[in-house]
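Trainee:
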DNA sequence: AACCAGGCGCATA
DNA sequence: TATGCGCATGGT
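Residue numbers (this note's numbering): 355 to 635.
1. Rounded to whole angstroms, what is the Cα-Cα separation between residue 417 and residue 577?
2. Give the single residue among 367, 378, 423 and 381 whose Cα lies nearest to the Cα of residue 410.
3. Identify, in the order they occur along the chain, each residue of the same chain with its Cβ nearer than 6 Å to the Cβ of residue 489, setting aside the five sequence neighbours on each side.
4. Can you tell me whether residue 365 is helix, strand or coil according to DSSP?
5. Between the Cα of residue 542 and the Cα atoms of 514, 509 and 568, which residue gives the shortest distance?
6. Would you report the Cα separation of residue 428 and residue 519, rounded to the nearest angstrom?
7. Do residue 532 and residue 511 have their C-beta atoms closer together than 8 Å?
8. Can you tell me whether residue 412 is buried or exposed? The criterion is at least 16 other CB atoms within 10 Å of its CB, across all chains shown.
9. Return helix, strand or coil for residue 587, following the three-state DSSP convention.
10. For residue 585, which residues in the same chain have their Cβ closer than 7 Å to its Cβ, ignoring the five residues on either side in sequence?
11. Taking buried to mean at least 16 other C-beta atoms within 10 Å of its own C-beta, is residue 506 buried or exposed?
12. Taking the alpha-carbon of residue 569 as reference, which of 580, 592, 444 and 460 has the nearest alpha-carbon?
13. For the putative contact between residue 373 and residue 458, defined by C-beta atoms under 8 Å, what is the C-beta separation to the nearest angstrom?
14. With which residues is residue 425 paired in a DSSP beta bridge?
15. If you drop the 5 nearest sequence neighbours on each side, which residues of the same chain put their C-beta closer than 8 Å to that of residue 540?
16. If you count every other CB in all the chains shown that lies within 10 Å of the CB of residue 464, and 16 or more means buried, which is it?
17. Can you grab the Cα-Cα spacing for the pair residue 492 / residue 601, in whole Å?
18. Name the DSSP beta bridge partners of residue 395, please?
19. Leaving out the 5 sequence neighbours to the left and right, which residues in its chain are closer than 8 Å to residue 433 when beta-carbon positions are compared?
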């Protein structure tokens, strides 16, 4: 992978492992939008970025400092995904899943945003999750360039009531959002400290929050806390595992790569051939 | 017009 | 440990 710096943009080229469409549509984040011209714009970590793909390279519309200080890490560009896919291709199925998902990267998202959005995601569909998250940012976040809004932090939400959140139309999840905001804002839950904890400790701390079970906790760990061994299992994963792996399958065989295995399996089962059989059943 | 969504928490066996 | 249910809302 090559990175070239210009005054107003950074160009990343020479990799099969950056596909904006797959990265933003694989269900890990909810705030990147595609423009008619094919470019993508999103708000993350308090900043707005636009990027576009052109002839096998990715163009980040930002300066060198911002790229190195923010986006290089956010897009996990220091990781060798080609080597990762090779390690994960331990079976014919995994080889297909990794090939199909080539281009996926697991974003290093803000931990609070991950917690909040995956609380919202429970028993919900992507379209509605996106809408609720958008309203949350639009109503309680700060305005940014291009009509985008920042993700409101826990200190912004901790003083609100369930009625204040009614315009989100988040249903019963509203109370979960508020109590999570209060736990984090008060310091009762130190999200950043969970980065360096072992997985069991992090999961226990997260599931202590109302409305946070194993699935949401594992998503927060994987997408927001850098716990790459986390392996979220939802309805899609349950079906994919049931049909393609033994009944006693243990994701820990993938060790610290388990989270990436999960993403490739999930993406393949939803959008690839691995998922078609379920439609016909 | 139903069905169900990247679940959770609680009750019951 | 396993299974079932209600929870708010609205996309498909």
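Where is the CB? At the ideal position from N, CA and C, for every residue including glycine.
As the structure is a prediction and not an experimental result, all values here were calculated from the model.
Mentor: Per the coordinate set shown:
1. Residue numbering aside, residue 417 sits at position 63 when the first chain is read from its first letter. Residue numbering aside, residue 577 sits at position 223 when the first chain is read from its first letter. So the two alpha carbons sit approximately 25 Å from each other.
2. Taking the first chain and counting its residues from 1, one reaches residue 410 at position 56. Ranking 367, 378, 423 and 381 by Cα distance to residue 410 puts 367 first.
3. Within the first chain, numbered from 1, the residue matching residue 489 stands at position 135. Cβ within range, chain order: 522.
4. Here residue 365 refers to the residue found at position 11 of the first chain. Three-state DSSP puts residue 365 in a strand.
5. Along the first chain, read from residue 1 onward, the residue named residue 542 stands at position 188. Per the Cα distances, 509.
6. Counted from its first residue, the first chain places residue 428 at position 74. Counted from its first residue, the first chain places residue 519 at position 165. Distance between the alpha carbons of residue 428 and residue 519 is about 29 Å.
7. For the purposes of this step, residue 532 is identified with residue 178 of the first chain, where counting begins at 1. For the purposes of this step, residue 511 is identified with residue 157 of the first chain, where counting begins at 1. Yes. Within cutoff.
8. On the first chain, residue 412 is found 58 positions in, with the first residue counted as 1. Classification for residue 412: buried.
9. As a working mapping, residue 587 is identified with position 233 in the first chain. Coil, per DSSP.
10. Sequence index remark: in the first chain, residue 585 carries index 231 (1-based). Same-chain partners within the cutoff: 572, 605, 612, 613 and 616.
11. Translated into the one-based positions of the first chain, residue 506 becomes position 152. Buried is the call here.
12. By 1-based counting over the first chain, the position of residue 569 is 215. Checked all of 580, 592, 444 and 460; the closest Cα to residue 569 is 592.
13. If you number the first chain from 1, residue 373 lands on position 19. If you number the first chain from 1, residue 458 lands on position 104. That pair is a contact at about 7 Å.
14. To locate residue 425, count along the first chain from 1; it is residue 71. The partner list for residue 425 (beta bridge, DSSP) is empty, contrary to what the question assumes.
15. Residue 540 sits at position 186 when you count from the first residue of the first chain. Cβ neighbours of residue 540 beyond the five flanking positions: 512.
16. Residue numbering aside, residue 464 sits at position 110 when the first chain is read from its first letter. Under this definition residue 464 is a buried residue.
17. Residue numbering aside, residue 492 sits at position 138 when the first chain is read from its first letter. Residue numbering aside, residue 601 sits at position 247 when the first chain is read from its first letter. The straight-line gap from Cα to Cα measures roughly 44 Å.
18. Against the first chain, residue 395 aligns to sequence position 41. According to DSSP, residue 395 bridges with 387 and 404.
19. Along the first chain, one-based indexing puts residue 433 at 79. So the qualifying residues of the chain are 459.
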